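If you read the sequence shown in numbering that gives the first Met the number 0, its first letter stands for residue 0, the second for the next number, and so on.
Built from N, CA and C at the ideal position, the CB exists for glycine as well.
Quantities reported herein were computed from a predicted structural model and do not represent experimental measurements.
What follows is a set of notes on a single structure, which appears directly below.
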Amino acid sequence: MDFHKFSFRVRYSETDQMGVVYHGNYAQYLELGRVEWLRSMGISYKDLEDDGIILPVIHLQIDYKKSALYDDLITVETFLKKVPLVKIEFDYKIYLESGELLAEANTVLAFMDKRTNRPIKCPESILVKLG
């Protein structure tokens with residue numbers, strides 16, 4: 000289905016004393032990929048929240064293959080796994096500039112009403128943009 004690439008350099012603050020990216024930062028890289036995927040579809044997290052919709056992560060899986068280092072240029076490829084209903088699921092691949100695979104990941108997020116904190120269906124406005 001829909002696919003998006005987003006590249007950036009590893010910042011010093013994301014690494015440990017050996018210059019290796021701390022494993023917990025990969026969740027933030029996935030978020031960057033997800034946010035930029037949504038933005039490329041004309042969907043803004045901020046607009047969703049302003050409309051009373053939040054998207055908490057309810058599942059996160061990362062399979063680490065190789066370490067990223069300070070100043071590496073990495074690319075997050077984000078794939079929508081299927082048409083969203085109450086949940087939206089993404090697969091990811093994170094690559095070095097050389098093309099070496101750093102990690103594969105999957106996240107599932109739930110559409111929630113911000114006021115009631117209850118699950119809701121994916122907004123029609125998003126389904127329309129997905130075509």
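Beta-carbon proximity check, residue i vs residue j, cutoff 7 Å
i	j	result
residue 74	residue 94	yes
residue 96	residue 72	yes
residue 29	residue 109	no
residue 42	residue 107	no
residue 35	residue 5	yes
residue 53	residue 113	yes
residue 18	residue 68	yes
residue 1	residue 79	yes
Residue environment, residue i, which counts as buried when at least 16 other CB atoms sit within 10 Å
i	result
residue 55	exposed
residue 23	exposed
residue 38	exposed
residue 91	buried
residue 84	exposed
residue 100	exposed
Whole-Å CB distance - residue i paired with residue j, under 8 Å assumed
i	j	result
residue 21	residue 14	7 Å
residue 9	residue 70	6 Å
Scan the region 21 to 97 and note each continuous beta strand (DSSP E) run of 3 residues or more that stays entirely inside, going in chain order.
Runs of the beta strand (DSSP E) inside the region 21 to 97: 56 to 63, 72 to 79, 86 to 95.
contact_flag[the region 110 to 120, the region 61 to 69] where n(CB pairs < 8 Å) is 3 or more
Counting Cβ pairs under 8 Å, fewer than three are found: no touch.
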